[in-house]
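Here the structure is laid out as structure tokens; the discussion comes afterwards.
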């Protein structure tokens, strides 16, 4: 009685060893490192790595280790000074081709790294950094699409010589016609332009209303989010942050997490900026249809500009800052289509003035009828107007900005424009000192709490208490191993979850041991008591764990931020503790006491 | 070592004791509800929206000076308090309508730095009121969904009278724990919601273990009244209930003392909840089931589970 077959013992041992192996990377701590990533996301190879190392060594710094990870090069150093020297050298050598980020890398020995093992990552509250939750302004995204339709319909109806007027009111286009006879013709033209829009008769029988279908709205929203994700990733990459996270959340939100970033102000200015440019011809006659007056920025004169846009921000493929006679300039490169249009325009309009319009969108809270309301404010200002002196195509320069603005703008133009403006709705910055404090305090709490439970269990259940303690320790190892495998982040609430699990994991053993005591009190033989104790306690243990599991799963599914961090460790802890407390302790008990004649149990 | 002797026979569920327990529970729940409706909770910015700054000073911080500086700069509604140490200061501001969060934060930072001290900006959080109310809604939703699922699970595993008992106990624990935060005006943030849910999980754990034994005894002790069978079960489980409570409290006290200020509310919620939960799994859960006239017949189903019969000695 009370013998596990050899294969089961071997299996348990194997699982335990695997747990130790996966948890091992967490024992090494981390060191200063520089991470180099290709700006276009391409993977580096060994030749690239050798080149980086050579550059660093030429700067007089000896790397502690250098290797490739996920296509990026990681070079580790022994000191912050070395890291900074190497980082500066590399940044200077590859100002455009690569992102060089200062980071901390786990100090893993080569063999562990080659096995693909990694330590669990630490959440922002433990390592410091910035968390920003952005909301994408869908109304503006939809509105800009509707404006596109407005212009399309306007052009087509004019081409068909139908007298009309198209207005955009609250996301709906009102197409007003002068004659009843034109209604059907206009409807055909509109439907032919885009067959998915919803066209309805207006109230007066002489107009049409056009809306986007649900599917189109959804598609437009998805497009706006996807486009914004790409743009934000590009922008984050431009900032040179190691291990950034840019992720969609829900219908209209984007989470950005940047570990180690200390200055949230610059970061947010870059992330949420919508600054972009448009190039338009000045309407010298001042009365062309669709022309309107734009204010000038600072000393720049206001002008009446034509409706047609020659080129806009999303057609700019490169932008660099420079200076010309002490003035900040941005060198622009257009894509080929816009380049052609620019060539055409400059050829036809020699000696006529063209303006550069700087466009920015931001959200403001205003009081309207005593209620707070968020409104989108769009600023469009002319930053310069110049006479076209010669023909040019896709490369040219603009001026009229301060050096700081020029630098931010060129970064933004390079990274691409946001398809719709984004606004910060939740932002958390944790300084590095607090992160370190949280780690120290959290681990201290785990250590002391763990010790208290271990001492208590050993005193209370003697030999069986020691066995439960072995299970408890392996449970801790398993939680850490699982977190490392899953790549889940450990947060402060996560540590609290581990601490709680330590307290609760002994419950299963308490149930079993109390049951064994009861059986012994009923004068059952020790071997039978062990068997009965484990058997009878099982259903209670399962019921109890399933219910806690329900709570943990709900927390994980519905919770956000700190709640999720807590739920993940609680969830893992419950699962691993069932294995260690039931199967694990039984194996040890069987080896220690099974199959022998016993008169009493040390319990 | 034994905390209590193996076979206790305390009459937990006698008429008088049940009445006393009911009175105590009723008082706790009523005090909690009254406090919740009159004093409310000291919601953190997670729920209200607003701006929070945690700042480390090189020496002990002068709160009066900081308060004066802030109110001179137009932040009359700023709450300033020490956070764990006398060098750490926490500043909280409600949402500022008509101003951008960045602007407010930069001005705040400027005021705090104006003393000429080299301050360490340890934490900055700025939550919009909209996200705040969403987080509150999701927290409440999580609580309701968890209670519902648990009710269903206990109903499937046991019977609805037990389910009602379990959920009564859980609601009792949740209300009293949250009520504790209201009575003492402790900061109530997202981590506390997580803690209350963990309390629900824990307390249920206790309740279910007791129910499990009650079910077993309903089968074993034929001809004994439901009340006596339940009493026996609670007595048999008493050692386990206390030991698990003690080990869990040990680690939580370590967490409260060593874990730092930011998870102190979490630790307090769990400590209160586990004490209340231990009490309620003895009294509230069983007493409710008993009040609903639970009887062994409720659990005995005609030959549905033959293996179970085989297991009986």
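Residue numbers (the numbering used here), protein chains in the order written: chain A, 308 to 910; chain B, 111 to 423. Heads up, the beta-carbon is just placed ideally off N, CA and C, and yes, glycines get one too. As the structure is a computational prediction, the values presented were derived from the model and not from experiment.
Since residue 846/A meets chain B, which of its residues come closer than 8 Å, beta carbon to beta carbon?
322
State whether the stretch 810-826 of chain A contacts the stretch 843-850 of chain A, with contact taken as three or more CB pairs (one from each stretch) at a distance under 8 Å.
yes
Does the CB of residue 745/A have a neighbour CB from chain B at under 8 Å?
yes
Residue 786/A, buried or exposed, once every other Cβ within 10 Å from all chains shown has been counted against 16:
buried
So, are the CB atoms of residue 252/B and residue 873/A less than 8 Å apart?
no
How would you write the range of the alpha helix (DSSP H) that residue 251/B sits in, first residue to last?
239-267
Terminal residues of the alpha helix (DSSP H) in which residue 824/A lies
799-828
Could you give the DSSP three-state label for residue 603/A: helix, strand or coil?
strand
Near residue 289/B, which residues of its chain fall below 8 Å by C-beta distance, leaving aside the five closest residues on each side in sequence?
138, 139, 141, 142, 143, 145, 146
From what residue to what residue does the alpha helix (DSSP H) around residue 460/A run?
445-466
Of all the CB atoms in chain B, is at least one closer than 8 Å to the CB of residue 578/A?
no
Find the residues of chain A that neighbour residue 230/B, judging by a C-beta separation of less than 8 Å, and give them in chain order.
738, 740
Tell me the DSSP secondary structure of residue 701/A in three-state form.
coil
Taking any Cβ of chain B, which residues in the stretch 798-820 of chain A have a Cβ under 7 Å from it, in chain order?
799, 800, 803, 806, 807, 809, 810, 811, 813, 814, 817, 818
Contact criterion: CB-CB distance below 8 Å. Does residue 427/B meet it with respect to chain A?
Because chain B in this structure spans residues 111 to 423, residue 427/B falls outside the shown range and cannot be described.
In chain order, what residues of the stretch 247-274 of chain B put their CB closer than 7 Å to some CB of chain A?
248, 251, 252, 255, 256, 259, 260, 263, 267
Given a threshold of 16 other Cβ atoms within 10 Å of its Cβ, counted over all protein chains shown, does residue 170/B qualify as buried or as exposed?
exposed
Which residue wins for smallest C-alpha separation from residue 184/B, given the options 368/B, 203/B, 149/B, 358/B?
203/B
Sorted by chain position, which residues of the same chain lie with C-beta nearer than 6 Å to residue 702/A's C-beta, five sequence neighbours on each side aside?
640
Express the C-alpha separation of residue 275/B and residue 408/B in angstroms, rounding to a whole number.
14 Å
So, is the C-beta of residue 767/A closer than 8 Å to a C-beta in chain B?
yes
Neighbour-count burial assignment, residue 412/B, 16 or more Cβ in a 10 Å radius:
Confidence in residue 412/B is poor, its pLDDT being 48 and thus under 50, which makes the residue's placement too unreliable to answer from.
Residue 834/A, enclosing alpha helix (DSSP H) - first and last residue
833-865
Hey, is residue 748/A's beta-carbon within less than 8 Å of any beta-carbon in chain B?
yes
Check residue 507/A in the structure and name its three-state DSSP category.
strand
Are the C-beta atoms of residue 192/B and some chain C residue less than 8 Å apart?
Chain labels in this structure do not include chain C; the protein chains are A and B.
Under 8 Å, Cβ to Cβ, is there at least one residue of chain A near residue 312/B?
yes
By the criterion of Cβ-Cβ separation under 9 Å, what are the contact partners of residue 853/A in chain B?
263, 267, 318
Counting C-beta neighbours from all protein chains within 10 Å, is the total for residue 575/A 16 or more, i.e. buried, or is it exposed?
buried
First and last residue of the alpha helix (DSSP H) that includes residue 148/B?
125-148
Please report the residue range of the beta strand (DSSP E) in which residue 734/A lies.
729-737
Based on Cα-Cα distance, which residue from 189/B, 186/B, 326/B lies nearest to residue 405/B?
326/B
Please compile the residues from chain B whose C-beta is within a distance smaller than 7 Å of the C-beta of residue 755/A.
364, 368
Nearest-angstrom Cβ-Cβ length linking residue 900/A and residue 309/A, presumed shorter than 8 Å:
7 Å
Examine the Cβ distances between the stretch 753-770 of chain A and the stretch 804-811 of chain A and report whether three or more of them are shorter than 8 Å.
yes
As a quick exercise: from 196/B, 173/B, 283/B, pick the residue whose alpha carbon is nearest that of residue 188/B.
173/B
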